[in-house]
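Working notes, structure below.
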Amino acid sequence: MKMIGLNVLSLVLFIILMLLQNICLADNNGNLDNLLNQLGASGPNSGFYKTTAGEKSDKIYGLVQCRGDVSAANCANCTSKSIAVALQDFPVSKTVKVWFTSCYLRYSDQPFFSVCKLDADISGWSAGWVLEIAGTVIVWSSAPGILSELTAASAWMLS
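In mature numbering (1 follows the signal peptide of the UniProt record, and there is no 0), the protein residues as written are -26 to -1, 1 to 133.
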């Protein structure tokens, strides 16, 4: 009987924590929308843009970068596609990276400018490949690109 009571209490606490997390995510959605609008509007002009939205504990960090040989129009299209993938496929993730052939989008509730983390886990995804590094989701649009990158990275990490 004690075990059942403990399980019920654990379930109730879990539900409360999930509700609180959803409230926090709802508060940050305005910041995320603002951040993604800024990235989508300003990134394609120069091919790179980083910014933040919100303040203190509600701050969100983001950047978008396009390859140097990509036109502003193609950069804008790729950025829009990246934003759509992030919002559709990872709607409640606080930290997302989306890599396509022409562009890269990243946002997080944690500061990441000039920060590198090396532990990784990889899994497949229907529209590309997903790599999760220390809780950060990264999406690649093609498997060959990620495999060559991972081969080089793993060789470097093992040496």
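By construction, the Cβ of each residue, glycine as well, lies at the ideal position given by its N, Cα and C atoms.
Which of helix, strand or coil DSSP assigns to residue i
i           : result
residue 207 : Only positions -26 to 133 of the chain appear in this structure, which leaves residue 207 out of reach.
residue 53  : helix
residue 44  : coil
residue 66  : coil
residue 88  : coil
residue 76  : coil
Extent of the continuous beta strand (DSSP E) to which residue i belongs
i          : result
residue 36 : 34 to 40
residue 24 : 22 to 27
Residue environment, residue i, which counts as buried when at least 16 other CB atoms sit within 10 Å
i          : result
residue 75 : exposed
residue 66 : exposed
residue 5  : buried
residue 56 : buried
Straight-line gap, residue i to residue j (C-alpha atoms, nearest Å)
i          : j          : result
residue 40 : residue 60 : 16 Å
residue 35 : residue 14 : 14 Å
So, do the segment 49 to 57 and the segment 15 to 31 have three or more beta carbon pairs nearer to each other than 8 Å? The segment 49 to 57 and the segment 15 to 31 touch, with no fewer than 3 CB-CB distances between them shorter than 8 Å.
Segment contact flag, the segment 76 to 85 with the segment 20 to 34, C-beta cutoff 8 Å, min 3 pairs: Contact between the segment 76 to 85 and the segment 20 to 34 is present, because at least three Cβ pairs lie under 8 Å.
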